[in-house]
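Q: Here you go, one structure.
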Amino acid sequence: MTHSPETPEVPIRPHEVTAAEVVPGDLFALTPEDAAERRWHVVTHTLPVSPEVIRVTLRPPLGGVDHEEDLRREQTVTVAGRRVDVDAVPLVEPESLESVEFRDGDRLTVLRAVDPLAAEVTYVRRWGAWHRDTTESADAQAAADAEVRRWAADAAREGTVVRHEPRPVRQARAAGPRRVVVTGLGAVTPLGVGAGELWDGLLEGRHGIRELTDPEFDGLPVRTAGTVPVDPASLLPRQAARRMNRAAQFAVLAAREAWTDAGYAAGGTRESGLDPERVGVSLGAILGDASVLVGGDRKLRERGARGVSPLTTPMTVPSQAASQVSLDLHITGEARTVTSACASGTEAIGQAVDRIRYGRVDVALAGGAEAVVTPAIMASFAAMRALAEGDPSEGSPSRPFAKDRDGFVNGEGAGVLVLESEEHARARGARIYCEAAGWGLSADAYHVAAPDPSGDGIALALRRAVRDAGGEVADVVHVNAHATATVDGDLAEARALRGVLGGGQGVPVTALKGHLGHLQGAAGGVEAVAAVLTLHHRMVPPTVGCGEVDDGIELDVVREAPRPLPDSGDLVLSNSFGFGGHNAVLALRRVGAA
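For any residue, its number in my numbering is found by taking its place in the sequence shown, counting from 1, and adding 4.
Below, the structure is given as structure tokens:
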């Protein structure tokens, strides 16, 4: 409820009259002090009680409960010089909240109805307390349940209107988009080959950042990166590996692991009895493997045109990882590649979610793969002054959210999820890790490389992901942050998280780039794998490299040791943001949550 749109157009000019002059429709204040405090009432009715006394019935101008005042005819009162349509002022009975059981996600509106110019204030219950619903950072002075009940009990006396809006209960829909679940996980990262190696390394607080000792990196100002410790070609048939770039090799290994982890037969769709046309691939990549094109150019200069391999072009394109996964597992439904800078992996997963939701495919392998630890890329990042410096033997040079962070560490790897429609997974008795509940995209439209310091674009993607998941921000129980350890990037993301979810001790946040470095287009895929395992094991990994949190972050950053996932809430968010203002957020939900 708000004031009538035409009411503010007429200025309030208080002046004194006698009670005998008051008529219905007058905006009335009993005393000049009430008028100064904007405590006005509309006279809805007058009744002579005796030759000396008039009884006036009063109602707050924005609606509320009537009360009566007996006034002597010669008594001086204050009117506003404004007439009000009595029939347009609603009679609102107070709402008792004494026996109401509040839930996170409930909303409360409070209107100071005695003030004709008042605006309604909305509160949202998050983490057991009531916060003002605003785009700014969450109000540190949150109201407790007891205080809200007192507001409702005192509403009539204070001239306010308090309304409680219970959070809507999600109900199963008879038709519409299908629910999508995660049934398999695979990863190749600087912590090792396999999702198990990734998870153990995260919980143990290990990092996989190494010094680059190959002579081709000699002379570079920064020679550290998050590199996979195993040659992926050694884990694949020699003939097949020769036709794949390094990123595709990572992708195939991660996809094979995710496929068998989901309970499908090694080999692919035919061996698993699946229709290959109902299975898809969706992988993110920025460049894929930058070394192929660089190597082809070097051979051209050294040996001439005959020295360039005919595989140079097919092994250069970023889509090679998706095509090689489809070849390896005989997937014919689709093989898509998403390129949106460092948000590529997360967006690729979101695209696959929608393809399953709307019936285009039943199963999809989704994630990201990247191999861009090359001299030219390293030199370019160093020229931008974006790379962290430090000795990996003394701890991770990548320090997300830390006061002493000074840049990111370039990295490589792959992370892949198996996504399925829920009915498909349950029909075959699959183990379900969690629901891939929703995702959100946005663009900063701010700068070719720098993030928008306001965090508004990131906040929009966060809200869209929660909304797409059919949830409320109060449901968010953990965030796997993008947090590259760049000064401006971490501050922008933290500002967005505070604005959407609140700060302080609200939602535990962790960042993995201290363990892994920044895996570029693969980051979203690997971090989604970790977010799924966080939900599955109900354990939040620590943020490696963050000795002391920057004062400007103001988030509950999990550090030093793993922390149990809170029981309240059911959504985990995995964030990815990239050069050029690409923002993508994935929302995952606990299985079986209401």
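The beta carbon of each residue, even a glycine, is placed where N, CA and C say it ideally should be.
#1: Is the number of C-beta pairs between the stretch 193-204 and the stretch 223-239 that are closer than 8 Å three or more?
#2: Does the beta-carbon of R107 have 16 or more other beta-carbons within 10 angstroms, so that it is buried, or is it exposed?
#3: Beta-carbon within less than 6 Å of D366's beta-carbon, same chain only, minus the 5 sequence neighbours each way: which residues are those?
#4: Could you check where the beta strand (DSSP E) with F32 kicks off and where it finishes?
#5: So what does DSSP say about S446, is it helix, strand or coil?
#6: Put G433 into one of helix, strand or coil per three-state DSSP.
#7: Using DSSP with H/G/I as helix, E/B as strand and the rest coil, what is F221?
#8: Measuring only the C-alpha atoms, how far is S458 from S402?
#9: Considering V90, what are the terminal residues of the beta strand (DSSP E) in which it resides?
#10: So, is K407 buried or exposed, given that buried needs 16 or more other C-beta atoms within 10 angstroms?
#11: Under a three-way DSSP split, which group does R560 fall into?
#12: Using C-beta distances below 7 Å, list every residue in its chain close to P225, excluding the 5 sequence neighbours before and after it, in chain order.
#13: Say whether the stretch 526-539 touches the stretch 494-502, bearing in mind that this needs 3 or more beta-carbon pairs closer than 8 Å, one atom from each stretch.
#14: With a Cβ-Cβ cutoff of 8 Å, do R111 and E169 count as a contact?
#15: Taking the C-alpha atoms as reference points, what is the distance between A390 and T490?
#16: Rounded to whole angstroms, what is the Cα-Cα separation between P566 and R227?
#17: Can you give me the start and stop residues for the alpha helix (DSSP H) that A526 sits inside?
#18: Residue range of the alpha helix (DSSP H) that S3 falls in?
#19: Can you check whether the CB of R77 is closer than 8 Å to the CB of A24?
#20: Express the C-alpha separation of V104 and D293 in angstroms, rounding to a whole number.
#21: DSSP has W134 in a bridge; who is on the other side?
#22: At the level of alpha carbons, what is the spacing between D137 and V285?
#23: Ignore the nearest five residues each way along the sequence and tell me which others in D265's own chain have a CB closer than 6 Å to its CB.
#24: Leaving out five residues on either side along the sequence, give the residues of the same chain with a beta carbon under 6 Å from the beta carbon of A588.
#25: Pick out whichever of V96, D89, E162 has its Cα sitting closest to the Cα of E41.
#26: List the DSSP bridge partners of N484.
#27: So, using beta-carbon positions, are V165 and L95 closer together than 8 Å?
#28: Quick one: Cα of L35 to Cα of V480, how far?
#29: Rounded to the nearest angstrom, what separates V128 and V511 at their Cα positions?
#30: Within 10 Å of its beta-carbon, does A375 have 16 or more other beta-carbons around it, so buried, or fewer, so exposed?
#31: I believe P404 touches A487 by the beta-carbon criterion, under 8 Å. Please report the beta-carbon distance rounded to the nearest angstrom.
#32: Taking DSSP as the reference, what is the three-state secondary structure of G493?
#33: Skipping 5 residues on each side, what residues in its chain have a beta carbon closer than 8 Å to that of M382?
#34: Would you mind sorting D279 into buried or exposed? The rule is 16 or more other CB atoms within 10 Å of its CB.
#35: Please state whether DSSP places H540 in a helix, a strand or coil.
#36: Quick check: what's the CA-CA separation for A199 versus V533?
A: Looking at the atomic coordinates:
#1: yes
#2: Position 103 of the sequence shown, counting from 1, holds the residue named residue 107. Burial call: exposed.
#3: Along the sequence shown, read from residue 1 onward, the residue named residue 366 stands at position 362. Once the five neighbours on either side are set aside, the close Cβ partners of D366 are R282, S425, H428.
#4: Taking the first residue of the sequence shown as 1, we reach residue 32 at position 28. Looking at the DSSP string, the run of the beta strand (DSSP E) that includes F32 is 30-33.
#5: Along the sequence shown, read from residue 1 onward, the residue named residue 446 stands at position 442. The answer is strand: DSSP assigns S446 an E or B state.
#6: Locating residue 433 in the sequence shown gives position 429, counting from the first residue. Here G433 sits in coil by DSSP.
#7: Here residue 221 is taken as the residue at index 217 of the sequence shown, counted from 1. Looking at F221 - three-state DSSP - the assignment turns out to be helix.
#8: Start at 1 with the first residue of the sequence shown, and residue 458 comes out as number 454. Start at 1 with the first residue of the sequence shown, and residue 402 comes out as number 398. Rounded to whole angstroms, S458 to S402 spans 24 Å at the Cα level.
#9: Residue mapping note: residue 90 aligns to position 86 of the sequence shown, counting from 1. Taken as a continuous stretch (DSSP letters only), V90 belongs to no beta strand (DSSP E), as it is neither H nor E.
#10: Mapped onto the sequence shown, residue 407 falls at position 403. K407 comes out exposed.
#11: Translated into positions along the sequence shown, residue 560 becomes position 556. The sequence given here places Asp at residue 560; Arg does not occur at that position. Residue state, collapsed to three classes: strand.
#12: If you number the sequence shown from 1, residue 225 lands on position 221. Hits under 7 Å: A386.
#13: No contact exists between the stretch 526-539 and the stretch 494-502.
#14: In the sequence shown, the residue the question calls residue 111 occupies position 107. In the sequence shown, the residue the question calls residue 169 occupies position 165. Result yes, Cβ atoms of R111 and E169 sit closer than 8 Å.
#15: In the sequence shown, residue 390 corresponds to position 386, counting from 1. In the sequence shown, residue 490 corresponds to position 486, counting from 1. About 7 Å.
#16: Indexing the sequence shown from 1 puts residue 566 at position 562. Indexing the sequence shown from 1 puts residue 227 at position 223. Roughly 30 Å separates the two Cα atoms.
#17: Stepping through the sequence shown from its first residue, residue 526 is reached at position 522. Careful: A526 lies outside any alpha helix (DSSP H) and carries neither H nor E.
#18: One cannot answer for residue 3 here, as it falls past the ends of the chain, which runs 5 to 598.
#19: Taking the first residue of the sequence shown as position 1, residue 24 is located at position 20. Taking the first residue of the sequence shown as position 1, residue 77 is located at position 73. The answer is yes: Cβ separation under 8 Å.
#20: Stepping through the sequence shown from its first residue, residue 293 is reached at position 289. Stepping through the sequence shown from its first residue, residue 104 is reached at position 100. Cα-Cα distance, rounded: 58 Å.
#21: Stepping through the sequence shown from its first residue, residue 134 is reached at position 130. DSSP, once it has assigned bridges, lists R129, A147 as partnering W134.
#22: Along the sequence shown, read from residue 1 onward, the residue named residue 137 stands at position 133. Along the sequence shown, read from residue 1 onward, the residue named residue 285 stands at position 281. Each residue's alpha carbon lies about 40 Å from the other.
#23: Here residue 265 refers to the residue found at position 261 when the sequence shown is read from its first residue. Cβ within range, chain order: G188, L189.
#24: Position 584 of the sequence shown, counted from the first residue, corresponds to residue 588. Setting aside the 5 residues that flank it on each side, A588 is surrounded in the same chain by A347, T350, E351, L445, S580, each with a C-beta closer than 6 Å to its C-beta; the list follows chain order.
#25: As a first step, residue 41 is located in the sequence shown; it is residue number 37 there, counting from the start. Looking at the Cα atoms, E162 is the closest of the given residues.
#26: Here residue 484 refers to the residue found at position 480 of the sequence shown. DSSP, once it has assigned bridges, lists T514, S578 as partnering N484.
#27: Residue mapping note: residue 165 aligns to position 161 of the sequence shown, counting from 1. Residue mapping note: residue 95 aligns to position 91 of the sequence shown, counting from 1. Cβ atoms of V165 and L95: not closer than 8 Å.
#28: Here residue 35 refers to the residue found at position 31 of the sequence shown. Here residue 480 refers to the residue found at position 476 of the sequence shown. Note on residue identity: the sequence assigns Thr, not Leu, to residue 35. Going from the Cα of T35 to the Cα of V480 covers about 49 Å.
#29: As a first step, residue 128 is located in the sequence shown; it is residue number 124 there, counting from the start. As a first step, residue 511 is located in the sequence shown; it is residue number 507 there, counting from the start. Going by the C-alpha atoms only, they are around 16 Å apart.
#30: Along the sequence shown, one-based indexing puts residue 375 at 371. Label assigned to A375: buried.
#31: In the sequence shown, the residue the question calls residue 404 occupies position 400. In the sequence shown, the residue the question calls residue 487 occupies position 483. So it is a contact: roughly 4 Å between Cβ atoms.
#32: Here residue 493 corresponds to residue number 489 of the sequence shown, with the count starting at 1. Three-state result, G493: helix.
#33: In the sequence shown, the residue the question calls residue 382 occupies position 378. Cβ neighbours of M382 beyond the five flanking positions: L216, F221, L224, V226, R227, A229, L391, N414.
#34: In the sequence shown, the residue the question calls residue 279 occupies position 275. Flag for D279 reads exposed.
#35: On the sequence shown, residue 540 is found 536 positions in, with the first residue counted as 1. Helix at H540.
#36: Taking the sequence shown and counting its residues from 1, the one referred to as residue 199 is at position 195. Taking the sequence shown and counting its residues from 1, the one referred to as residue 533 is at position 529. Cα to Cα, the separation comes out at about 8 Å.
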